[in-house]
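Asks: Have a look at this one before I ask anything.
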Amino acid sequence: MSNSLVASLTPFKGNEDSFEFFVKQINDIARLEKWGEAKKILVLKLSFKDDALKFLVSNPKIEEISDFDCLVKNLEEKFCKKPNFEQAQRQFNNLKQKVSQSISDLAEQVSSNTEKFSNANNSEEENIVYLTEKLKLSKFIEALRSDIRVEVKKLGPKTFKSAVAIAKNIDNALSDDGGELNVTDSGINQILSQQLNTNKQILELSEKVNAISSQNLCVNNLTEAPATNSNNVQNNQQTQCEICGKFNHTARNCFHYTRVGNQKFDFEENSPTNVYSNTTDCDISESDKNKKESFKQINNNFGEKVDVSEETFHALNVKIANNVTVQPFSTEIINLKVPKNISKNKDLIFIPKKNKLGYLFNESLNVLTNANLFHTIIENNTNKVIHVRKNTIMGKLSTFDVNDIMSPSESDLMNLNEIHKMRRDELLKSDFKLDHLNDKEKKDMQELLLKNFKVFSKSYKTLGETSAVIPEFSLLHNFNLQTKPYSIPLMAKKYAQLEINNLLEAGIIEPSSSSYCFPVIFIKKKQNPNDSNSEPKFRMVVDYRLLNSITETFKICLPKISEIIKNIAGRKIYCVLDLKSAFFQIKLRDEDKRKLAFCAEIGNFQPTRLPFGSKNSTSYFHTLISKCLNGITGKNVKFFLEDIIIAADSLCELKVTLQQVFDRLIKFNLTLDPAKLQLCKPEITYLGFDLNANGFSPSEQNINKVTNFPRPKNLKQ
């Protein structure tokens with residue numbers, strides 16, 4: 001992990017705007033990797049480029065400094081901007097709380113800008129310090145969001161510190177995500193306690209006055225009109241507003257409710273920001289009631305641990321542990337936190353939440369630290385600075401355990417045993433290309449491969465199938481879609497008939513009467529240059545472009561090829577495993593089969609397995625392989641879609657790793673194509689790169705394609 005984090009460090013080239021961010025990156029990585037002073041200084045110097053490097057080389061005194069903080073302080077004098085008074089005044093005047101900015105960030109920003117504006121020389125004179133503190137208090141309240149500012153002014157804080165504490169509590173109450181949890185000091189607790197006691201007294205008096213008024217009103221009505229029915233008495237009863245406590249109007253029509261930017265206030269009786277709240281007849285929506293219950297739990301159970309059982313673990317939210325600022329087109333290492341009573345023995349699947357700010361996460365498998373945290377990387381691919389507040393919900397968690405896969409029924413087990421027997425009978429020693437090994441090594445590898453016959457498939461009949469990942473095809477509308485079938489080329493008709501019959505016989509497709517219908521295309525495969533006389537082969541693909549346009553997207557980030565190559569290169573022996581008809585090994589839900597129906601000249605059919613060409617097939621397949629190989633991927637095992645690469649420094653090490661991968665594939669009932677295996681090779685081509693013990697380089701074949709590409713001879717070309 002250390003090398004990848006250092007590699008992600010953005011070099012510093014001498015720009016005044018980026019030095020603070022550069023130092024912050026080093027400190028974040030050093031904290032995670034537990035570096036000492038010497039290593040931090042070394043990484044800092046190695047990351048200097050261009051003007052920054054020239055300055056460092058030309059100043060030997062600075063280069064000799066052995067304390068990291070002292071070195072940074074000296075470099076700041078050169079590379080950090082020195083704001084003048086006009087700039088400080090402009091920054092002070094423009095202070096406002098941003099949408100995604102936390103109270104803590106705002107308080108820190110107000111404190112810093114006020115010091116620069118009012119006390120730039122750090123004077124300790126009593127009058128200047130007192131004036132600065134008052135200016136901080138005034139500016140902080142002024143900079144708050146309108147809904148928080150109104151409630152802070154009601155409590156009238158006297159100091160900057162107490163204002164920050166009150167604002168945090170109010171923000172926590174108003175926030176849907178839980179806001180910033182904050183425990184107030186004794187002074188604030190005393191204020192809130194007094195406020196609550198006053199609220200209760202006023203509430204009790206209001207109830208007594210209301211009861212007396214209702215009794216008097218009923219007596220008057222009975223005296224004046226003794227023949228009135230019960231409905232008249234009920235109509236004379238007044239309804240108390242949930243927001244302001246007054247009568248004769250409901251919460252949705254309350255003046256207080258609408259005057260602060262349409263912000264919904266759903267306060268409970270223990271809230272420090274509302275007096276009248278103990279009514280149940282107020283006309284509010286179901287969602288408002290839910291928010292009230294949430295607010296009540298926050299205030300009444302503040303600081304208590306809520307027991308989350310394993311059964312409800314799949315619904316848990318993941319929150320960010322600290323406030324984070326991500327610069328444009330850069331990445332940041334962040335900590336995500338989960339409830340403290342979650343088991344640390346299970347692997348966790350993190351599923352990111354969609355957001356409108358433009359930052360990205362990868363879906364990932366993680367193991368918790370002792371502090372109930374796990375690390376991930378946030379990417380900002382926009383041209384704006386992104387601020388993410390502490391305790392913002394970043395996604396959800398679910399557990400994953402290989403042993404949680406459902407055991408097959410007795411009938412399925414009998415069928416699986418028959419398929420295993422077929423796989424063993426069709427597998428031959430000659431299916432594996434091992435002529436480059438000596439006799440002993442070849443014999444050992446053949447024994448290992450034949451022993452694991454369950455993991456190899458040579459035909460559709462023996463193809464693996466799994467329901468460890470269940471694809472879902474949700475459509476934007478339910479109108480039926482139909483497209484006329486394409487004509488099949490004459491040279492592909494024989495293959496088309498044979499392919500469809502084979503798929504039918506294997507149960508991968510079935511006859512269909514669905515009102516959805518999409519055309520089939522047969523794409524010619526590349527021929528082996530050494531076998532030019534062989535018959536052409538085709539790949540059957542369904543044209544799902546129309547269906548893809550109305551299918552909801554399930555998108556995950558695939559691993560970077562450059563990272564895979566960099567981490568796996570430099571080993572002595574390699575193997576590449578290729579899954580047989582990879583997508584066809586994933587089962588479909590019954591309700592999705594009809595949506596994926598296709599038509600050919602010989603009839604209409606629908607797939608029972610995940611087809612090629614559908615919008616989300618790649619994402620679902622990558623999710624499956626991630627789950628399958630979870631816990632064994634690392635420096636020896638990497639994968640990209642259906643291509644799994646295994647690296648080792650000895651044949652013995654390779655055999656152990658191969659067996660681990662085979663065991664996991666058998667557990668998931670996934671099968672490999674023996675004809676496409678590359679086994680025990682000192683040099684191998686993978687994802688367009690040649691890998692060997694010396695490292696990696698672009699493949700010779702790709703280089704030849706570029707160098708031999710014909711030059712354009714006219715303007716059209």
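Numbering (UniProt numbering), first residue to last: 1 to 717.
Glycine included, each C-beta is placed from N, C-alpha and C at the ideal position.
Note that the structure is a prediction, hence the values are computed from the model and not measured.
Can you tell me where the alpha helix (DSSP H) holding histidine 622 begins and where it ends?
Replies: The residue you call residue 622 lines up with position 622 of the sequence shown. Element bounds for histidine 622: 617–628.
Asks: Hey, would you say threonine 114 sits closer than 9 Å to threonine 132, going by beta carbons?
Replies: Taking the sequence shown and counting its residues from 1, the one referred to as residue 114 is at position 114. Taking the sequence shown and counting its residues from 1, the one referred to as residue 132 is at position 132. Cβ atoms of threonine 114 and threonine 132: closer than 9 Å.
Asks: Per the contact definition of three or more C-beta pairs closer than 8 Å, is the stretch 575–584 in contact with the stretch 675–685?
Replies: In short, these stretches touch, since the Cβ pair count reaches three.
Asks: Where does residue 726 land, buried or exposed, given buried means 16+ other C-beta within 10 angstroms?
Replies: There is no way to answer for residue 726, as the model of the chain reaches only from 1 to 717.
Asks: Using DSSP with H/G/I as helix, E/B as strand and the rest coil, what is asparagine 415?
Replies: Position 415 of the sequence shown, counted from the start, is the residue given in the question as residue 415. Helix.
Asks: Run through DSSP, which three-state label would leucine 336 get?
Replies: Residue 336 sits at position 336 when you count from the first residue of the sequence shown. In the structure shown, leucine 336 sits in a strand (DSSP, three-state: E or B).
Asks: Quick check: the Cα distance between leucine 336 and glutamine 717, rounded to an integer number of angstroms?
Replies: As a working note, residue 336 is residue 336 in the sequence shown. As a working note, residue 717 is residue 717 in the sequence shown. Approximately 52 Å, taken between the alpha carbons.
Asks: Please report how far the alpha carbon of asparagine 604 lies from the alpha carbon of alanine 496, in whole angstroms.
Replies: Taking the sequence shown and counting its residues from 1, one reaches residue 604 at position 604. Taking the sequence shown and counting its residues from 1, one reaches residue 496 at position 496. Roughly 13 Å between the two C-alpha positions.
Asks: Looking only at DSSP bridge pairs, what is valine 318 linked to?
Replies: Residue 318 sits at position 318 when you count from the first residue of the sequence shown. Answer by DSSP bridge pairing, in chain order: Gly395.
Asks: Counting along the chain, where does the beta strand (DSSP E) carrying cysteine 599 start and finish?
Replies: Mapped onto the sequence shown, residue 599 falls at position 599. Cysteine 599 -> beta strand (DSSP E) spans 598–600.
Asks: Would phenylalanine 554 and serine 619 qualify as a contact pair, given that the criterion is a beta-carbon distance under 9 Å?
Replies: Numbered from 1 along the sequence shown, position 554 holds the residue referred to as residue 554. Numbered from 1 along the sequence shown, position 619 holds the residue referred to as residue 619. Result yes, Cβ atoms of phenylalanine 554 and serine 619 sit closer than 9 Å.
Asks: Can you check DSSP and say which residues form a bridge with glycine 695?
Replies: The count along the sequence shown starts at 1 and reaches residue 695 at position 695. Beta-bridge pairing links glycine 695 to Asn692.
Asks: Here's the rule: buried if 16 or more other CB atoms are within 10 angstroms of the residue's CB, otherwise exposed. What is threonine 707?
Replies: For this step, residue 707 is matched to residue 707 along the sequence shown. So threonine 707 ends up on the exposed side.
Asks: For lysine 443, which of helix, strand or coil comes out of DSSP?
Replies: Here residue 443 refers to the residue found at position 443 of the sequence shown. Lysine 443 falls in the helix class under three-state DSSP.
Asks: My understanding is that isoleucine 320 touches lysine 390, with C-beta atoms under 8 Å, so please give their C-beta distance in whole angstroms.
Replies: For the purposes of this step, residue 320 is identified with residue 320 of the sequence shown, where counting begins at 1. For the purposes of this step, residue 390 is identified with residue 390 of the sequence shown, where counting begins at 1. The Cβ separation is near 6 Å, so the contact holds.
Asks: Would arginine 711 be called buried (16 or more neighbouring beta carbons within 10 Å of its own) or exposed?
Replies: Residue mapping note: residue 711 aligns to position 711 of the sequence shown, counting from 1. By the 10 Å Cβ count, arginine 711 comes out exposed.
Asks: Could you tell me if residue 723 is buried or exposed, where buried requires 16 or more neighbouring beta carbons within 10 angstroms of its beta carbon?
Replies: The shown model of the chain, from 1 to 717, leaves out residue 723, and the question about it has no answer.
Asks: In angstroms, rounded to a whole number, what distance separates the CA positions of leucine 373 and valine 326?
Replies: Mapped onto the sequence shown, residue 373 falls at position 373. Mapped onto the sequence shown, residue 326 falls at position 326. Near 20 Å, if we compare the C-alpha coordinates of valine 326 and leucine 373.
Asks: Where does the unbroken beta strand (DSSP E) through threonine 325 begin, and where does it stop?
Replies: In the sequence shown, the residue the question calls residue 325 occupies position 325. From DSSP, the beta strand (DSSP E) with threonine 325 extends over 324–326.
Asks: If I'm right that asparagine 480 touches serine 515 with Cβ under 8 Å, what's the distance once you round it to whole angstroms?
Replies: Against the sequence shown, residue 480 aligns to sequence position 480. Against the sequence shown, residue 515 aligns to sequence position 515. Yes, asparagine 480 and serine 515 are in contact; Cβ-Cβ is about 4 Å, under 8 Å.
Asks: For lysine 484 and valine 99, I'd like the C-alpha separation in whole angstroms.
Replies: The sequence position of residue 484 within the sequence shown is 484, counting from 1. The sequence position of residue 99 within the sequence shown is 99, counting from 1. Rounded to the nearest angstrom, the two C-alpha atoms are 51 Å apart.
Asks: Out of curiosity, what's the CA-to-CA distance linking leucine 9 and aspartate 28?
Replies: Here the question's residue 9 lines up with position 9 in the sequence shown. Here the question's residue 28 lines up with position 28 in the sequence shown. Taking the straight line from one Cα to the other gives about 10 Å.
Asks: Do isoleucine 334 and threonine 382 count as a contact pair if the criterion is CB distance below 9 Å?
Replies: Sequence index remark: in the sequence shown, residue 382 carries index 382 (1-based). Sequence index remark: in the sequence shown, residue 334 carries index 334 (1-based). Not closer than 9 Å, so no.
Asks: Quick one, are the C-beta atoms of phenylalanine 583 and phenylalanine 612 less than 9 Å apart?
Replies: Here residue 583 refers to the residue found at position 583 when the sequence shown is read from its first residue. Here residue 612 refers to the residue found at position 612 when the sequence shown is read from its first residue. Yes. Within cutoff.
Asks: Can you tell me which of the three DSSP states threonine 707 falls into?
Replies: Start at 1 with the first residue of the sequence shown, and residue 707 comes out as number 707. Correct three-state label for threonine 707: helix.
Asks: Under 8 Å, with one C-beta from each stretch per pair, do the stretch 449–466 and the stretch 652–671 reach the 3-pair mark?
Replies: Short answer: they touch.
Asks: Aspartate 690 and arginine 571 - do their beta-carbons sit closer together than 9 Å?
Replies: Reading the sequence shown from its first residue, position 571 is the one you call residue 571. Reading the sequence shown from its first residue, position 690 is the one you call residue 690. No.
Asks: For alanine 600, which option in Ser118, Met422, Ile500 has the closest C-alpha, if you only look at C-alpha atoms?
Replies: As a working mapping, residue 600 is identified with position 600 in the sequence shown. Per the Cα distances, Ile500.
Asks: Please list the terminal residues of the continuous beta strand (DSSP E) segment that includes glutamate 379.
Replies: Within the sequence shown, numbered from 1, the residue matching residue 379 stands at position 379. Where glutamate 379 is concerned, the enclosing beta strand (DSSP E) stretches over 373–380.
Asks: Taking the straight line between their C-alpha atoms, what separation do you get for glutamate 70 and glutamate 63?
Replies: As a first step, residue 70 must be located in the sequence shown, where it is residue number 70. As a first step, residue 63 must be located in the sequence shown, where it is residue number 63. Contrary to the premise, residue 70 reads as cysteine rather than glutamate in this sequence. Distance between the alpha carbons of cysteine 70 and glutamate 63 is about 11 Å.
Asks: Pull up the distance between the alpha-carbon of isoleucine 703 and that of glutamate 563, whole angstroms please.
Replies: Position 703 of the sequence shown, counting from 1, holds the residue named residue 703. Position 563 of the sequence shown, counting from 1, holds the residue named residue 563. Taking the straight line joining both Cα atoms gives about 21 Å.
Asks: Is DSSP giving aspartate 435 helix, strand or coil here?
Replies: Within the sequence shown, the letter at position 435 stands for residue 435. DSSP places aspartate 435 in coil when its eight states are reduced to three.
Asks: Considering just the uninterrupted stretch of the alpha helix (DSSP H) at isoleucine 500, what are its terminal residues?
Replies: Position 500 of the sequence shown holds residue 500. Looking at the DSSP string, the run of the alpha helix (DSSP H) that includes isoleucine 500 is 490–506.
Asks: Within this structure, are the beta carbons of lysine 96 and aspartate 51 separated by less than 9 Å?
Replies: Residue numbering aside, residue 96 sits at position 96 when the sequence shown is read from its first letter. Residue numbering aside, residue 51 sits at position 51 when the sequence shown is read from its first letter. Going by C-beta atoms, lysine 96 is not nearer than 9 Å to aspartate 51.
Asks: To which residues of the same chain is asparagine 502 closer than 7 Å at the C-beta, ignoring the five residues directly before and after it?
Replies: Position 502 of the sequence shown, counted from the first residue, corresponds to residue 502. Here the set comprises Tyr460.
Asks: Please report the distance separating the alpha-carbon of phenylalanine 92 from that of threonine 392.
Replies: For this step, residue 92 is matched to residue 92 along the sequence shown. For this step, residue 392 is matched to residue 392 along the sequence shown. So the two alpha carbons sit approximately 27 Å from each other.
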